[in-house]
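Here is the structure we will look at, set down as structure tokens.
Residue numbers (UniProt numbering): 1 to 395.
Right, here's the structure in full:
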């Protein structure tokens with residue numbers, strides 16, 4: 001999987017995934033053609049900055065930082081709002097292909113990925129200006145998006161239902177800022193997101209994560225039964241990291257979320273995660289997108305660190321399954337977005353936003369592999385593919 005990223009994905013997205021002005025594209029066709037005339041989500045711009053910065057830190061190629069530099073410069077020029085006093089007012093939601101703003105909505109999801117990109121910009125450059133930008137942006141969130149019921153509103157237009165997902169990504173961004181800077185104030189902000197998880201998102205009765213809510217954080221009456229196993233895996237990974245950062249043992253949450261997501265969300269035929277289930281374990285449409293499998297992998301890897309009996313073997317299984325299916329494409333470096341309930345690949349283009357998920361998972365593969373290197377044979381060698389798609393072992 002590391003070889004796939006280094007030899008195929010990064011070269012593809014660094015060349016065909018960037019337009020002439022340095023903006024990241026929204027998606028690529030199955031034939032490897034950049035769909036440059038599609039509107040672009042601003043959060044995708046920031047996700048790609050993160051992905052290339054993380055790849056640079058891992059030493060996966062030359063020129064990666066320059067791609068991130070240019071992408072961040074364009075995203076800030078295109079999407080950022082501030083008044084005459086330079087007071088921040090957040091990032092837009094959508095851009096036209098030429099970079100003009102298509103939707104001025106300031107939604108929480110986009111703002112969280114701006115903060116994540118800022119954290120990694122600081123890690124790569126060491127320039128304190130990126131942390132100063134993060135602090136200004138957090139000030140914007142507190143000033144204009146804080147909710148009296150806890151957390152933050154979904155957007156400045158206060159759309160309903162409220163969602164756990166943007167808060168989960170704020171949790172991720174605050175943890176990244178703390179890990180990279182060491183500043184306690186970011187861990188305190190992460191604690192607030194974890195408090196929301198314990199008070200509202202986590203259902204102790206079912207051990208599931210509730211997705212949708214009313215204004216005052218009651219489960220949405222129409223949507224309360226919908227569960228996303230991929231998000232449960234994502235929470236497991238984040239809570240593991242939070243526990244490490246604050247010196248507390250949250251293993252019961254981490255193991256419980258992982259085991260429950262597997263119990264209710266596993267597709268029997270493939271062994272991978274379904275996108276959406278109900279809390280009683282019945283499936284929705286039965287489709288399984290690419291990104292939940294990367295979150296499954298990340299959760300399995302941190303559970304392997306904690307000594308979970310089967311997690312390490314499961315991580316190796318997921319890597320091989322990804323290489324055999326989602327990443328086994330005619331054009332090296334892209335991915336199949338999803339498989340339907342019958343196990344057939346859907347014709348959807350490769351979404352650039354998914355590279356963030358793959359890059360985070362690959363970072364965890366590298367980190368955990370190094371941690372377990374002292375245990376010979378503990379981490380089964382996954383198969384990878386050369387650029388022609390042929391399997392080879394142990395890369």
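The beta carbon of each residue, even a glycine, is placed where N, CA and C say it ideally should be.
>> Is residue 239 a contact residue of the ligand FMN, with contact defined as CB to any heavy atom under 6 Å?
In response: The model on display carries no ligand, and the ligand FMN is accordingly not part of it.
> Is it true that the CB of residue 299 sits closer than 7 Å to the CB of residue 237?
Replying inline: Along the chain shown, read from residue 1 onward, the residue named residue 237 stands at position 237. Along the chain shown, read from residue 1 onward, the residue named residue 299 stands at position 299. Going by C-beta atoms, residue 237 is nearer than 7 Å to residue 299.
> Grouping DSSP H, G and I as helix and E and B as strand, with all else coil, what is residue 3?
Replying inline: Locating residue 3 in the chain shown gives position 3, counting from the first residue. Correct three-state label for residue 3: helix.
>> Starting from residue 352, trace the beta strand (DSSP E) in both directions and tell me its first and last residue.
In response: Taking the chain shown and counting its residues from 1, the one referred to as residue 352 is at position 352. Neither: residue 352 is in no beta strand (DSSP E) and is coded neither H nor E.
> CB residue 2 to CB residue 362, shorter than 7 Å?
Replying inline: Here residue 2 refers to the residue found at position 2 when the chain shown is read from its first residue. Here residue 362 refers to the residue found at position 362 when the chain shown is read from its first residue. Cβ distance < 7 Å, so residue 2 and residue 362 count as in contact.
> What are the partner residues of residue 266, as DSSP defines its beta bridges?
Replying inline: As a working mapping, residue 266 is identified with position 266 in the chain shown. According to DSSP, residue 266 bridges with 273.
> Quick one, are the C-beta atoms of residue 71 and residue 140 less than 7 Å apart?
Replying inline: Here residue 71 refers to the residue found at position 71 when the chain shown is read from its first residue. Here residue 140 refers to the residue found at position 140 when the chain shown is read from its first residue. Result no, Cβ atoms of residue 71 and residue 140 do not sit closer than 7 Å.
>> For residue 33 and residue 81, what's the separation of their Cα atoms in angstroms?
In response: Along the chain shown, read from residue 1 onward, the residue named residue 33 stands at position 33. Along the chain shown, read from residue 1 onward, the residue named residue 81 stands at position 81. If you take the alpha carbons of residue 33 and residue 81, they lie about 32 Å apart.
> What are the boundary residues of the beta strand (DSSP E) that includes residue 283?
Replying inline: If you number the chain shown from 1, residue 283 lands on position 283. Counting along the chain, residue 283 falls outside any beta strand (DSSP E), and DSSP gives it neither H nor E.
> Identify the residues that DSSP records as bridge partners of residue 212: which are they?
Replying inline: Taking the chain shown and counting its residues from 1, the one referred to as residue 212 is at position 212. 163.
> Which stretch, first to last residue, makes up the alpha helix (DSSP H) that contains residue 54?
Replying inline: To locate residue 54, count along the chain shown from 1; it is residue 54. First-last of the alpha helix (DSSP H) with residue 54: 42 to 57.
> From 262, 201 and 205, pick the residue whose C-alpha is nearest to that of residue 212; which is it?
Replying inline: Taking the chain shown and counting its residues from 1, the one referred to as residue 212 is at position 212. Measuring from the Cα of residue 212, the nearest candidate turns out to be 201.
> Distance, Cα to Cα, residue 266 vs residue 355?
Replying inline: Counting from one through the chain shown, the residue named residue 266 turns up at place 266. Counting from one through the chain shown, the residue named residue 355 turns up at place 355. So the alpha carbons of these two residues sit roughly 23 Å apart.
> Going straight from the alpha carbon of residue 388 to that of residue 319, what length do you get?
Replying inline: Stepping through the chain shown from its first residue, residue 388 is reached at position 388. Stepping through the chain shown from its first residue, residue 319 is reached at position 319. For residue 388, the predicted model reports a pLDDT of 35, less than 50, meaning its position is unreliable; a value from the coordinates is still stated below. So the alpha carbons of these two residues sit roughly 18 Å apart.
>> Could you tell me the alpha carbon to alpha carbon distance between residue 178 and residue 243, rounded to whole angstroms?
In response: Within the chain shown, residue 178 is the residue found at index 178, counting from 1. Within the chain shown, residue 243 is the residue found at index 243, counting from 1. Looking at the two C-alpha atoms, the distance is approximately 13 Å.
>> Distance check for residue 122 and residue 167, CA to CA, integer angstroms please.
In response: Taking the chain shown and counting its residues from 1, one reaches residue 167 at position 167. Taking the chain shown and counting its residues from 1, one reaches residue 122 at position 122. Using only the alpha carbons, I get a separation of about 22 Å.
>> Here's the rule I'm using: 16 or more other beta-carbon atoms within 10 Å means buried, otherwise exposed. How should residue 42 be labelled?
In response: For the purposes of this step, residue 42 is taken as the residue at position 42 of the chain shown. So residue 42 counts as buried.
> Can you tell me whether DSSP reads residue 172 as helix, strand or coil?
Replying inline: Along the chain shown, read from residue 1 onward, the residue named residue 172 stands at position 172. Of the three classes helix, strand and coil, the one that applies to residue 172 here is helix, per DSSP.
> Candidates 256, 292, 333 and 113: which alpha carbon is nearest residue 228's?
Replying inline: In the chain shown, the residue the question calls residue 228 occupies position 228. The option with the nearest alpha carbon to residue 228 is 292.
>> residue 262 and residue 339 - do their beta-carbons sit closer together than 7 Å?
In response: The residue given as residue 339 occupies position 339 in the chain shown. The residue given as residue 262 occupies position 262 in the chain shown. Cβ distance not < 7 Å, so residue 339 and residue 262 don't count as in contact.
>> Our contact map puts residue 27 next to residue 330 with C-beta atoms below 8 Å; I'd like the distance itself, whole angstroms only.
In response: Working through the chain shown from its first residue, we reach residue 27 at position 27. Working through the chain shown from its first residue, we reach residue 330 at position 330. Residue 27 to residue 330, Cβ: 16 Å. No contact.
>> Pull the bridge partners of residue 195 from the DSSP assignment, please.
In response: Against the chain shown, residue 195 aligns to sequence position 195. Per DSSP, none; premise fails for residue 195.
>> As a quick exercise: from 250, 358 and 255, pick the residue whose alpha carbon is nearest that of residue 311.
In response: Counting from 1 along the chain shown, the entry for residue 311 is found at position 311. If we check each option's Cα against that of residue 311, 255 comes out closest.
> So what does residue 202 bridge to, in DSSP terms?
Replying inline: Stepping through the chain shown from its first residue, residue 202 is reached at position 202. BP columns for residue 202 point to 209.
> DSSP state of residue 149, grouped into three classes?
Replying inline: As a first step, residue 149 is located in the chain shown; it is residue number 149 there, counting from the start. Coil, per DSSP.
> From which residue to which residue does the beta strand (DSSP E) around residue 103 run?
Replying inline: Sequence index remark: in the chain shown, residue 103 carries index 103 (1-based). Looking at the DSSP string, the run of the beta strand (DSSP E) that includes residue 103 is 101 to 103.
> If we ignore side chains and look at the alpha-carbon of each, how far apart do residue 114 and residue 76 end up?
Replying inline: Sequence index remark: in the chain shown, residue 114 carries index 114 (1-based). Sequence index remark: in the chain shown, residue 76 carries index 76 (1-based). Whole-angstrom Cα-Cα distance: 10 Å.
>> Considering Cα atoms alone, identify which of 17, 5 and 111 is closest to residue 59.
In response: Here residue 59 corresponds to residue number 59 of the chain shown, with the count starting at 1. For residue 59, the nearest C-alpha among the options comes from 5.
> So what does DSSP say about residue 107, is it helix, strand or coil?
Replying inline: As a working mapping, residue 107 is identified with position 107 in the chain shown. If DSSP states are grouped into helix, strand and coil, residue 107 belongs with the strands.
> What residues match up with residue 219 in a beta bridge as DSSP calls it?
Replying inline: In the chain shown, residue 219 corresponds to position 219, counting from 1. Note: residue 219 sits in a beta bridge opposite 213.
> Can you give the beta carbon distance from residue 215 to residue 149, rounded, assuming they're within the 8 Å contact cut?
Replying inline: Here residue 215 refers to the residue found at position 215 when the chain shown is read from its first residue. Here residue 149 refers to the residue found at position 149 when the chain shown is read from its first residue. Contact holds; Cβ gap of about 6 Å.
> Under the three-state reduction of DSSP, which class applies to residue 119: helix, strand or coil?
Replying inline: Position 119 of the chain shown, counted from the first residue, corresponds to residue 119. Three-state result, residue 119: helix.
> Between residue 253 and residue 239, is the Cβ-Cβ spacing less than 7 Å?
Replying inline: Here residue 253 refers to the residue found at position 253 when the chain shown is read from its first residue. Here residue 239 refers to the residue found at position 239 when the chain shown is read from its first residue. Yes; because the gap between Cβ atoms is below 7 Å, this pair is in contact.
> Which residues does DSSP pair with residue 18 in a beta bridge?
Replying inline: Position 18 of the chain shown, counted from the start, is the residue given in the question as residue 18. Bridge partners of residue 18: 24.
> Expressed to the nearest angstrom, what Euclidean distance is found between the alpha-carbon atoms of residue 399 and residue 234?
Replying inline: The displayed coordinates of the chain run from 1 to 395. Any statement about residue 399 would go beyond what the structure contains.
> Residue range of the alpha helix (DSSP H) that residue 231 falls in?
Replying inline: As a first step, residue 231 is located in the chain shown; it is residue number 231 there, counting from the start. Its alpha helix (DSSP H) spans residues 229 to 246.
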